[in-house]
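Read in order, the letters of the sequence shown are residues 625 to 1538 in the working numbering. Structure, as structure tokens:
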Amino acid sequence: MTHAVAHKLVIVESPAKARTIGGYLGQGYVVESSIGHIRDLPQSAADTPAKIKDKPWGRLAVDVDNGFEPYYVVPRDKKSHITKLKGLLKDADELYLATDEDREGEAIAWHLLDELKPKNIPVHRMVFHEITKSAIQAAVDNPRQINDDLVEAQEARRILDRLYGYEVSPVLWKKVMSGLSAGRVQSVATRLVVDKERDRMAFKIASYWDLEGTFDAGSKHDQRMFPAKVYSVDERRVARGSDFTSEGVLKSSAEGKVVHLDRTRAEALVAGLGETTFDVRSVESKPYRRSPYAPFRTTTLQQEASRKLGMGASVTMSVAQRLYENGFITYMRTDSTTLSGTAVNAARAQVQELYGAEYLPDAPRTYASKVKNAQEAHEAIRPAGETFRTPAQTGLKGEQFRLYELIWMRTVASQMKDAVGQSVTIRLGGAASTGEDVVFSASGRVITFHGFLKAYVEGTDHGAASDDQETRLPQLAEGDAVSAASISANGHETKPPARYTEATLIKELEEREIGRPSTYASIIGTILNRGYVYKKGTALVPAWLAFSVIRLLEEHFPRQISYEFTAQMEDVLDEIAAGRKQRNTELGEFYYGTEELDGLKKLVDELGDIDARELATFPVGGPDSGVNLRVGRYGPYLEGPDDEGNPVGKRANVPDDLPPDELTLEKAKELFANPAGEEIELGAHPETGLRVVAKNGRFGPYVTEDLPEDAKKSAKPRTGSLFKSMSLDTITLDDAVKLLSLPRVVGEDPETGDEITAQNGRYGPYLKKGTDSRSLTSEDQLFTVTLEEALKIYSQPKQRGRAAAAPPLKELGNDPVSGQPVVVKSGRFGEYVTDGEYNATLRKDDTVEDLTLERAAELLEERRARGPAKKGAKKGAKKAPAKKSAAKKTTAKKTATKKTAAKKTTKKAAAKKS
């Protein structure tokens, strides 16, 4: 196709963006995409130009001896596209370079200019942060020139990453494993995950006890029953989890100031409070106020999409890219929380329309960016346009709809009034029969005006309370008497630091100012794809391979792997972008070093001897145990002494999904006893006659069946993972037959006809209907759950994040005395009935199946007759031991383009022609 009529050529990055913008500009314009980068440093020896292959720096494609000049090549798959762009340029009378507004986009625009070499036509740099008709027209009417400093900064980043990766990765190939890669930011991100696991491995559990009570304010209060926890004993605060160090001892700041309750003391206090009448010691009320969250920038969007939508960072950015290119949102790679005047007006108009004038503040809200050196003058991520479309008006579906809705809600909420209310703390105390003065504390919050919370509530990490959570307390005054309906002693254990999720790792990288927000998604994708890190649920767990790599880098490249140095390099790149520092000076210091600091080249050239075996060896259970984990070519394995005293007489593979902090000496002995691959014959399957065996595999113990020799090649044996309650030592043939029967068909959904199955997965038992999965509470349910029960589970909204409270075991009707509904529940000490005010444990002869309302009412009446505090005293004698922390188990030859000092001359010449 030829273009005889002169036109204006507009080049953007993606075909989708080209289609949208082409529709807005209409006749007289040809909009074409570059399909991303059109030029880069060569990615392989085959792409490296012959004229530099024999140079000492040829493999780097960066002339480190002459101003760090890079040698760029057009990838083979882009050559035909460059020819197409040059053809379109021949008939053009103006060229608009409309790549993204960030540094990377600026660099792509320069590469296009340098490769296409337009002659005798004006060249413009066209920038916009949203793809709407008015924004595109404004960008055409107000072009600028390519910003040399931004190009320099991006090029410095590219060369830095090239030098780091191409110099350090070969060290990993030789000393750890072939095919590995090191990266200036990716290795530091991996170190963060490894350091977190090291903290978990070094963590020592501390046990502590406290008292929890349900108190009765009396019949004159509508909100009669309320919970409270013990606060102090004899004016000394009771120790809680935050008072202990990671070594499992009380912090020095807490010594002498807190009382550390153990089980015996806690249960004695419960018994001693059996007849106590409590009085309100103090009521402290404070106003509660919460201001709206700032509109999204790249990292906060990634974090919220992870928390609320379960999207990984790369998925979030991919969906956001499509929304941007199709004109639904503004540019999604931004450090800014600023909204333009038009956007503020659009948001305020929707607040007025959807929520009413009472939710609209008198003046628009403004947000200053908290990100150091926020890049360029971008806007926050918001719905595109001068007026905002509600999610229902967009016509979007699936992931795009959900992400647009999140962005829309956050933007509108940012222009709403504060949420206000009251926070109340009540302290109530009484004397135990043993003489101690015991004070309990209850906290509540009531939101009297929800303000922006009507539109949007931010997600939380690790189960923290959300901003809209309310807890109502009765209206009590100092001196009021209250009684204890129940008091119990509860054991707790401190928990190791939580592993990073994608959301919290992004937050940590940003807080440490490591890397650029726009690169976080690709960094996380890289460390996952390279096998340094894997996911267990949403948690990021380091592989043992990552421990070896980080150990090598810490010992031989300590500055390059340090958090501080990596953050400082971002400051340097920002200084280059601002024109305050020179690219070559900074690259020279990084590569060749200074008088005070060794550069990367010297560190690599003078590495000396590295003991690869020692690098890959990690003691298990302390240095004297004799048991070591080794990182081998085919994965991690254990070595240890055998019964005859040979120091490496035993070996066992380590399951791929066993987190490093769970590899204790006890677990190692278990793996030695049941090494992967060893079979335990259980017998013949009663139905098929096939031999059934139990094995220990990469993902833990399992059972399987031996197929006959004449079985079809496509035939696969049935397998089933052992339940957590089973072990290879005790598994029977009957157990194995049950496991092999999974997944079990529960039945069909009568409305949709979809088959519902019960299945066991890596993260526990679940139901599956089409693509909709729902968790089951126990593995035993896999064999017992009925179709009726399954349909009831599917009728409930799908839970995200923390699990909901367990449903009642049985509903019996209203209690004849209190008038409240009576239900049967399962508690820590067995089944019990409750009317919401009093609990009564089922007797030895009572069963849930046979229990009637009359019998439940009898038990509750008997409970009331004994008095409100009796149960607390009795319950104290039956306390269960502290629960174990769940965390513990649980180019055809084209001459390369050498970038020279003529770069700026080229750009200036182009500028003059415009």
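Heads up, the beta-carbon is just placed ideally off N, CA and C, and yes, glycines get one too.
Any Cβ of chain B within less than 8 Å of the Cβ of residue i?
i: T954; result: Given the protein chain composition of this structure (a single chain), no chain B is represented.
Please return the same chain residues whose Cβ sits closer than 6 Å to the Cβ of residue i, not counting the five positions on each side in sequence.
i: K1274; result: G1264, D1266, F1296
i: L1541; result: Past the boundaries of the shown model lies residue 1541; the chain is included only from 625 to 1538, so the question cannot be answered.
i: T1622; result: The displayed coordinates of the chain run from 625 to 1538. Any statement about residue 1622 would go beyond what the structure contains.
i: A1201; result: D773, L774, A777
i: T1162; result: T1125
i: P851; result: T838
i: D1104; result: V904
i: K1494; result: Its pLDDT being 39, under 50, K1494 is placed unreliably in this model, and the coordinates cannot settle the point.
i: K1434; result: V1448, V1472
i: G1500; result: Since pLDDT at G1500 reaches only 39, below the 50 mark, its modelled position is unreliable, and the value read off the structure follows with that caveat. These residues qualify, in order along the chain: E891, V894, A895, A1113.
Nearest to residue i by alpha carbon, out of the options?
i: M849; options: N1463, L1477, E1403, V968; result: N1463
i: L740; options: L713, F752, R749; result: L713
i: K702; options: S657, S1249, K679; result: S657
i: P746; options: L721, A731, K757, H753; result: L721
i: L1352; options: P1166, N1320, T707; result: N1320
i: D1281; options: G1324, V1317, I1304; result: G1324
i: R864; options: Y991, N1114, T1458, V1048; result: N1114
i: V1317; options: P1310, V1327, E1311; result: V1327
i: T1381; options: Y1387, S1365, E1375; result: S1365
i: K881; options: A892, G872, F868, L893; result: F868
i: N1384; options: P1374, K1362, W833; result: K1362
i: G1344; options: E1329, K1337, R1398, L925; result: E1329
i: Q1444; options: E1461, H735, Y1261, D1358; result: E1461
i: V1539; options: A670, L1020, D726; result: The structure shown does not extend to residue 1539, since the chain is modelled only from 625 to 1538, so the question has no answer here.
i: L1357; options: G1307, I1148, A716, D1469; result: G1307
i: A970; options: G1259, F1242, T1011, D689; result: T1011
Run the CB neighbour count on residue i, radius 10 Å, all protein chains shown included, and call it buried at 16 or more, exposed below.
i: F827; result: buried
i: W1032; result: buried
i: W1168; result: buried
i: P1505; result: Low confidence applies to P1505: its pLDDT is 42, below 50, so where it sits in the model is not reliable, and the reading given next is rough at best. Its Cβ having fewer than 16 others within 10 Å, P1505 is exposed.
i: W1590; result: In the structure as shown, the chain starts at 625 and stops at 1538, and residue 1590 therefore has no counterpart that could be examined.
i: K1393; result: buried
i: S758; result: exposed
i: T901; result: exposed
i: F585; result: Only positions 625 to 1538 of the chain appear in the structure, and residue 585 is not among them; the question remains open.
i: K1340; result: exposed
i: G1437; result: exposed
i: E637; result: buried
i: T644; result: buried
i: P680; result: exposed
i: Q1017; result: exposed
i: E1482; result: exposed
For residue i, is the beta carbon positioned less than 7 Å from some heavy atom of the ligand FMN?
i: T1328; result: You won't find the ligand FMN in this model; it holds no ligand whatsoever.
Under 7 Å Cβ to Cβ from residue i, same chain only, skipping five residues before and after it: list those, please.
i: R1136; result: Y1187, A1191
i: G1083; result: E928, R931, K932
i: E1178; result: I1185
i: M1350; result: D1359
i: A642; result: V636, V655, E656, S657
How close, in whole Å, do the beta carbons of residue i and residue j come, if the pair is a contact with beta carbons under 8 Å?
i: E1060; j: L816; result: Actually they are not in contact, since the Cβ atoms of E1060 and L816 sit about 45 Å apart, beyond 8 Å.
i: R1299; j: A1276; result: According to the sequence provided, residue 1299 is Pro. The question's Arg does not apply to it. Yes, P1299 and A1276 are in contact; Cβ-Cβ is about 4 Å, under 8 Å.
i: P988; j: V968; result: 5 Å
i: H753; j: T954; result: 5 Å
i: T1023; j: A640; result: It is worth fixing the name first, because residue 1023 is Glu in this sequence and not Thr. That pair is no contact at about 16 Å.
i: L1400; j: D1373; result: Wrong, their Cβ atoms sit about 17 Å apart, outside the cutoff.
i: V862; j: D834; result: 6 Å
i: L1030; j: L947; result: That pair is no contact at about 11 Å.
i: F1347; j: E1413; result: Rounded, the Cβ-Cβ distance is 19 Å, inconsistent with contact.
i: A937; j: Y1144; result: 6 Å
In chain order, what residues of the same chain lie with their CB nearer than 8 Å to the CB of residue i, ignoring the 5 residues before and after it?
i: E728; result: Q778, S1142
i: L1231; result: V795, H1180
i: H1074; result: A1043, D1092
i: F1064; result: L835, G837, F839, A852, K853, V854, Y855, F902, R1051, L1052, G1053
i: R1594; result: No statement about residue 1594 is possible, as the shown extent of the chain runs from 625 to 1538 and does not include it.
Worksheet entry | Start-end ranges of the beta strand (DSSP E) lying completely within the stretch 1250-1304, minimum 3 residues | 1252-1256, 1259-1264, 1274-1277
Fill in: Minimum length 3: unbroken beta strand (DSSP E) runs contained in the stretch 635-669
653-657
Worksheet entry | Complete runs of the alpha helix (DSSP H) confined to the stretch 740-809 [at least 4 residues] | 757-765, 772-799
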